[in-house]
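Input: a single structure, listed below in structure tokens.
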Amino acid sequence: QQECMKWPRGENPMEFWDVIPEDPTHAYMFLGKSFNSNLGGDTFWCRQRHMTMIGVFADDNLNGFGLPDDFQGGFQSAAAFHCSFTGLHGAGICRDSSIQGVGGSKAMKSPYEWMRDGQPSRQHLGYCDILGSGTIADCTAMNTIGNFNLFEVLASFPETTEIIFMNGIEFITNLPANVFSTNLKAPNNLRAIYMNQCNLQSVDALALAGLPNLEIFNIDENVNLDSIPGTLFANNPKLKQFSMFQSDITSVPVNLFSTTPDIERIVLYCRGDNRLASLPNGIFDGLKKLNMISFVFCDIDSTLFSDDFFDDLESLQWFDFFDNPSFTVLKNRWFNCNGCGPSKMGKELLRFALWGTGLTDATIGDRVFQNLDKLETVWLYNTAVTYSGIENKLYLDDKDDFEHLALG
Numbered sequence: 044q045q046e047c048m049k050w051p052r053g054e055n056p057m058e059f060w061d062v063i064p065e066d067p068t069h070a071y072m073f074l075g076k077s078f079n080s081n082l083g084g085d086t087f088w089c090r091q092r093h094m095t096m097i098g099v100f101a102d103d104n105l106n107g108f109g110l111p112d113d114f115q116g117g118f119q120s121a122a123a124f125h126c127s128f129t130g131l132h133g134a135g136i137c138r139d140s141s142i143q144g145v146g147g148s149k150a151m152k153s154p155y156e157w158m159r160d161g162q163p164s165r166q167h168l169g170y171c172d173i174l175g176s177g178t179i180a181d182c183t184a185m186n187t188i189g190n191f192n193l194f195e196v197l198a199s200f201p202e203t204t205e206i207i208f209m210n211g212i213e214f215i216t217n218l219p220a221n222v223f224s225t226n227l228k229a230p231n232n233l234r235a236i237y238m239n240q241c242n243l244q245s246v247d248a249l250a251l252a253g254l255p256n257l258e259i260f261n262i263d264e265n266v267n268l269d270s271i272p273g274t275l276f277a278n279n280p281k282l283k284q285f286s287m288f289q290s291d292i293t294s295v296p297v298n299l300f301s302t303t304p305d306i307e308r309i310v311l312y313c314r315g316d317n318r319l320a321s322l323p324n325g326i327f328d329g330l331k332k333l334n335m336i337s338f339v340f341c342d343i344d345s346t347l348f349s350d351d352f353f354d355d356l357e358s359l360q361w362f363d364f365f366d367n368p369s370f371t372v373l374k375n376r377w378f379n380c381n382g383c384g385p386s387k388m389g390k391e392l393l394r395f396a397l398w399g400t401g402l403t404d405a406t407i408g409d410r411v412f413q414n415l416d417k418l419e420t421v422w423l424y425n426t427a428v429t430y431s432g433i434e435n436k437l438y439l440d441d442k443d444d445f446e447h448l449a450l451g
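44 is the number of the first residue of the sequence shown in the working numbering; add one for each residue after it.
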């Protein structure tokens, strides 16, 4: 826990509570979401820590974690979501792709880390704050911004702007064609856009046109947005991260990532009853740098995946399909194991997060885990999988780094 309590939280949980003005009785507060600044965020280590805690404390009892005795709030869900999305006030460092050179340094940091780590200059400009030597425009929760003046606000940013935070603005409901490229002074400099917890209802296919250096596009918790154009990223060849947490999207275009060969992380969490039921074959073709796929709380049917569905994912580390009841099969052919075919996926795999799926002993291939030499964690609780059924499939004698198996 102390590793997770990074600045501005202090070195222990008590100091962490001191920086939060609200009564700390919510799981998401405990798990790292600060409400008094846009400077929060954790590390990948922190998320892994809490994901491990899910496996250990797989019930809803939060006693022993500094929360009220009578608080019951879905610890599994809270911990799973922790650091898995970028919230209104910046709970997303752990999941964010790194950007090199923002703020004048050559270090690799995520946008929230740039905001967290020693930004000496901050000035208010119109509706927003400008910081990081003019590279970051922070308009978080500024509800004087909306469709009616979005162009004006973007035009006010300095030409050095590389990162835009427009989280929590309820009057932004659509992103029209060329909205950034025609209004920013230097659109070629833009590298990250965060429009989480707004009220987006539509995004034009050309909304991101003219942004050749865009690396991160986050539109988490826009609950009224139910579709994404297939050519949205056609002009963003350097895209590293796309996140659409908690959405009503029911389909993903097969060509959505066909022009983003550098993408590293794809995060899509469903919500409600109208949930994504399938992914088109070919959606991951050519994505050799992808290290995280997280399609969760949907109803994705894994029996519809072709044999070569994951063949190109040679860098994949995190395989997250948890809480998909229709995810009922893990095929040998998908992974890099002897006799399974030409798939390159599996050499770098560290984690399977597959709890809450429809998997059984019989529907996990006997060689799925055979040559996954770097594997560390397999989560299969809240499934019908048993230890006796999976023990011989794990090949644990060949896995020096394996740490955690969760069943039950």
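All C-beta atoms, glycine included, are put in the ideal place defined by N, C-alpha and C.
Bridge partners of T420 according to DSSP: R394 and H447.
Bounds of any alpha helix (DSSP H) do not take in F200, whose DSSP letter is neither H nor E. Look at A427 here: in three-state DSSP terms it is coil, with no helix or strand label. When the beta-carbon positions are compared, N242 and D263 stay at least 8 Å from each other. A buried status is given to T400, since no fewer than 16 other beta-carbon atoms sit within 10 Å of its beta-carbon. Uninterrupted beta strand (DSSP E) stretches at least 3 residues long and entirely within the stretch 255-343 occur at 259-261, 284-290, 308-313 and 335-339, given in chain order. Contact annotation: A320 and D363 have beta-carbon atoms that are not nearer than 8 Å.
Residue pairing of F208 in beta bridges, as defined by DSSP: D181 and Y237. Rounded to whole angstroms, T203 and S224 show a C-alpha spacing of 14 Å. The DSSP-derived three-state label of D172 is strand.
Contact between K442 and G408 is ruled out by a C-beta separation of about 17 Å, above the 8 Å threshold. A direct Cα-Cα distance of roughly 23 Å separates E213 from R318. Cβ-Cβ separation between P219 and A250: approximately 7 Å, consistent with a contact (criterion under 8 Å). Going by C-alpha positions, T178 is about 12 Å away from Q166. A check of alpha carbon separations from L197 across G329, A180, N425 and L402 identifies A180 as the nearest. For N232, same chain residues with a beta-carbon under 6 Å away, outside a window of 5 residues either side, are E205 in chain order. G329 is positioned such that its CB atom lies no closer than 8 Å to that of D366.
The alpha-carbon separation between D350 and V428 amounts to approximately 23 Å. Note on geometry: alpha-carbon atoms of F352 and D269 lie some 24 Å from one another. Closest option to V222, judged by alpha-carbon separation, among N210, L450, V246 and G175: V246.
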